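Notes follow the structure.
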C-alpha cells in the first residue's frame with residue numbers, strides 16, 4: 199500500500215467588510231434580524247445550521263480521470279473549491295461570499311504545475327443559508343481583467359510577479375503566462391458592493407467591481423503600472439504559494455490590512471520559521487505600516503483576517519494536518535485549527551520605528567539590525583525573538599477565540615474561510631481543493647477519512663456564543 203503523506207498547507211485566506219456603520223465597530227450587533235436591501239427585514243437562519251456544518255453545493259468540472267484509489271472508477275474534479283476565503287454580506291445576515299483559488303492543479307517536475315482545468319476562471323460565489331439549514335448558491339461573480347475578459351489562475355510573467363513557475367496542460371504542453379492571472383486567497387467585501395482580493399503568488403491586492411471587473415491593484419513591483427499603491431519592496435520576497443493569504447478592510451473602509459501566510463524568503467534559507475508579517479495600506483495616501491505576527495509553531499499558515507475595529511482583528515492560524523485522517527495522512531490529535539484575536543497597537547510598527555542599535559531601513563529587504571533581516575534574526579537559534587525584543591521590536595499579542603478541533607472535531611486540513619456574522623457568531627469554511635489532491639505528483643480524489651469513502655467538500659461551520667467585541 200502506498201505511503202500516505204500529509205499535504206502542505208496552502209492557504210487561503212479571507213476577509214470582510216462589516217455589517218455596521220462607518221465607525222470603529224464593523225460587526226453587526228447580536229441580533230436575529232437584519233435590515234436587508236429595500237429595507238426588508240431578514241430573519242436569521244444561523245441557528246438552523248447543524249453542529250456538523252452545512253455543505254455548499256457543487257458542480258462537476260471534469261470526470262474523465264481515473265481514480266487511483268478505486269480502479270475502474272473515475273474521480274471528480276469539482277467546483278467546489280469555494281473555501282479559499284469568505285466574507286459576510288454587508289446587509290443580509292443569511293448571505294455570505296466565498297471564493298475559489300486558481301483551480302485544480304498538481305505538481306509537475308521541479309518548478310511546474312499541471313493545471314487540470316486550465317480554462318477555469320477564479321470566482322466569488324454568493325451563498326444563502328435556507329430556513330431548513332441548507333445552503334444554496336445564489337450566483338457566481340467571475341474575475342475579469344481591465345478589458346472585461348475572464349482571467350485565469352495561470353502564473354504571471356517575471357516582471358509582474360512570476361516566481362518561475364511553469365504551467366502545463368494535461369498533455370504536458372507549456373501554457374502561456376497570464377499577467378492578470380491570480381491565485382485568490384483573501385477576500386474583503388466592501389459596503390459599496392466592490393471587493394478587494396489578495397493573491398498568494400504576486401502578492402497582488404486587486405480591487406474588483408461588483409461584477410468582477412478589475413478596477414485597480416496594489417503590489418510590490420515597480421514595473422507594474424496598474425498599481426495604485428506599492429507595497430514595501432520586501433513583500434516581493436514572499437514565499438511562492440505562501441504569500442498574502444488574507445485581506446481585511448477596516449470599518450471606515452479606508453485601510454486594507456493583509457497577513458502573509460508564512461515566513462517570507464528574506465532570504466530563502468530562513469523560510470522554515472514562525473515569523474510572519476502583517477501590512478496595512480491607507481487607500482487615500484498609499485502609506486504602509488507593518489507588524490510582526492508570531493506563529494504557534496514553525497511553518498504554520500495564517501489563512502484569513504477580519505476587522506472587528508480599526509485596530510482589532512481576528513485571524514485563522516492553522517497547520518496542514520488532518521485530525522481524523524484520510525488520503526493525505528494518518529489522524530493527528532495535535533492538528534491545529536485556531537482563530538485568534540489580535541490588536542495591531544500591541545505590536546511594534548516597523549515602518550515608523552526609531553532607528554537605534556544598528557537598525558537600517560533597507561530599500562530591498564526592509565528593516566535590518568546589524569545587516570540582518572528580521573527573518574534572519576528570528577531563524578538564528580542563538581538570537582531568535584529575544585534578540586528582536588532587546589531591540590524594542592515585539593510581535594502583536596494574540597488571544598485564542600476558538601479551537602476548531604475541540605469545538606467541532608474539525609476534519610479538514612485547510613481552514614481558510616472566516617465570516618463574522620455578528621458579535622457572537624463566526625462562520626468557518628474549509629478549502630476542499632476542488633475535491634482532488636496531488637500525492638506523489640499524481641492527481642487523486644481528496645478523501646478525509648481512513649476508509650477513503652468521504653470526499654472533502656466545502657462545509658460551513660457556525661460557532662455561536664463568542665465575544666467578538668473589539669475591546
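Numbering (this note's numbering), first residue to last: 199 to 669.
Just so it is clear, CB atoms sit at the ideal spot from N, CA and C, and this is done for glycine as well.
Predicted model only: the values in this text are computed from it and were never measured.
Run through the DSSP bridge pairs and tell me what residue i is partnered with.
i: residue 421; result: Paired residue(s): none; residue 421 is not in a bridge.
i: residue 641; result: 636
i: residue 403; result: 396 and 416
i: residue 515; result: 500 and 536
i: residue 577; result: None, per the DSSP bridge assignment.
i: residue 437; result: Answer is none; residue 437 lacks a bridge partner.
i: residue 617; result: 625
i: residue 325; result: 294 and 335
i: residue 488; result: 477
i: residue 442; result: 458
i: residue 384; result: 396
i: residue 318; result: Note: residue 318 sits in no beta bridge, so no partner.
i: residue 310; result: 306 and 364
Mind checking residue i: buried by the 16 CB within 10 Å criterion, or exposed?
i: residue 535; result: buried
i: residue 688; result: Not covered by the structure: residue 688. The range shown for the chain is 199 to 669.
i: residue 253; result: exposed
i: residue 655; result: buried
i: residue 640; result: exposed
i: residue 563; result: buried
i: residue 460; result: buried
i: residue 539; result: buried
i: residue 537; result: buried
i: residue 249; result: exposed
i: residue 627; result: buried
i: residue 372; result: exposed
i: residue 247; result: buried
i: residue 560; result: exposed
i: residue 596; result: buried
i: residue 261; result: exposed
i: residue 423; result: exposed
When the distance is taken between beta carbons, is residue j closer than 8 Å to residue i?
i: residue 383; j: residue 283; result: yes
i: residue 275; j: residue 259; result: yes
i: residue 454; j: residue 471; result: no
i: residue 325; j: residue 334; result: yes
i: residue 646; j: residue 490; result: no
i: residue 444; j: residue 507; result: no
i: residue 417; j: residue 435; result: no
i: residue 378; j: residue 403; result: no
i: residue 375; j: residue 352; result: yes
i: residue 452; j: residue 407; result: no
i: residue 309; j: residue 359; result: no
i: residue 458; j: residue 469; result: no
i: residue 503; j: residue 573; result: no
i: residue 364; j: residue 392; result: no
i: residue 533; j: residue 447; result: no
i: residue 671; j: residue 583; result: Given a span of 199 to 669 for the chain in the structure shown, any question on residue 671 remains unanswerable.
Closer than 6 Å by C-beta to residue i: which residues in its own chain qualify, once you throw out the five before and the five after it? Chain order, please.
i: residue 243; result: 292, 327 and 329
i: residue 421; result: 357
i: residue 322; result: 295, 297 and 339
i: residue 219; result: Note that residue 219 scores a pLDDT of 36, beneath 50, so its modelled location is shaky and nothing firm can be said.
i: residue 644; result: 631, 633, 634, 635 and 654
i: residue 273; result: 263, 265 and 643
i: residue 456; result: 396, 442, 445 and 477
i: residue 629; result: 210, 281, 282, 612 and 614
Given residue i, which residues of its chain have a CB within under 7 Å of its CB, disregarding the five upstream and five downstream residues?
i: residue 605; result: 661
i: residue 617; result: 214, 284, 285, 286, 294, 624 and 625
i: residue 305; result: 311, 636 and 639
i: residue 486; result: 429, 430, 477, 478, 479 and 549
i: residue 652; result: 645 and 646
i: residue 496; result: 470, 471 and 472
Between the C-alpha atoms of residue i and residue j, what's the straight-line distance to the nearest angstrom?
i: residue 642; j: residue 567; result: 46 Å
i: residue 301; j: residue 277; result: 9 Å
i: residue 480; j: residue 381; result: 24 Å
i: residue 663; j: residue 600; result: 11 Å
i: residue 514; j: residue 343; result: 29 Å
i: residue 439; j: residue 409; result: 27 Å
i: residue 634; j: residue 279; result: 10 Å
i: residue 314; j: residue 545; result: 42 Å
i: residue 621; j: residue 450; result: 17 Å
i: residue 251; j: residue 268; result: 28 Å
i: residue 586; j: residue 347; result: 47 Å
i: residue 511; j: residue 401; result: 21 Å
i: residue 543; j: residue 668; result: 13 Å
i: residue 517; j: residue 603; result: 12 Å
i: residue 368; j: residue 462; result: 31 Å
Go through its chain and collect everything with a Cβ distance to residue i's Cβ below 8 Å, but skip five positions before and after it.
i: residue 176; result: For residue 176 there is no data in the structure shown, the boundaries of the chain being 199 and 669.
i: residue 554; result: 589 and 590
Between residue i and chain D, is there a C-beta pair that is closer than 8 Å?
i: residue 384; result: Considering every chain present, this structure includes no chain D. It has just one protein chain.
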